[in-house]
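Here's the structure, in structure tokens; my notes come after.
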Amino acid sequence: MAAGSARDTVIDAMPWIQTVRPEAASGRLAKSYRAGVERAGRVFGIVRTMSLQPAVLDASMGLYLAIMKQPGELSLAQREMLATVVSRANDCHY
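The sequence shown lines up with residues 3 to 96 when you count with this note's numbering.
Dropping the structure here:
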């Protein structure tokens, strides 16, 4: 979309999302963060956006792992490639 479009306006108006820093996490959230570090080497921002709702974070990660890591017709590399293409088409850097 061209600069100054409706999409640019929406992005510019995006609210700030309160998150819990990894070093401040406790309980269920700390466990989820540790699992993320073990899996990916760090806690990504997209994970931190769900930090105020650890049950939602766990459900989201469960869905992600079921889609991306379970045996199926597509390899992990093919699934990641599809996720990248869809994210690009949606103008999303995740």
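Glycine residues also receive a C-beta, built at the ideal position from the N, C-alpha and C atoms.
Continuous alpha helix (DSSP H) stretch holding Pro56: start and end: 56-71
Neighbour-count burial assignment, Met83, 16 or more Cβ in a 10 Å radius: Label assigned to Met83: exposed.
Opening and closing residue of the alpha helix (DSSP H) in which Thr86 lies: If you look at Thr86, you'll find it in the alpha helix (DSSP H) that goes 78-91.
Enclosing alpha helix (DSSP H) for Val39 [first to last residue]: 29-42
Local conformation of Gly47 per DSSP, three classes: helix
Where Ala57 falls, given that 16 or more other Cβ within 10 Å makes a residue buried: exposed
Alpha-carbon to alpha-carbon, Lys33 and Arg44: 13 angstroms
The stretch 45-55 in contact with the stretch 75-93 per 3-pair CB rule at 8 angstroms: no
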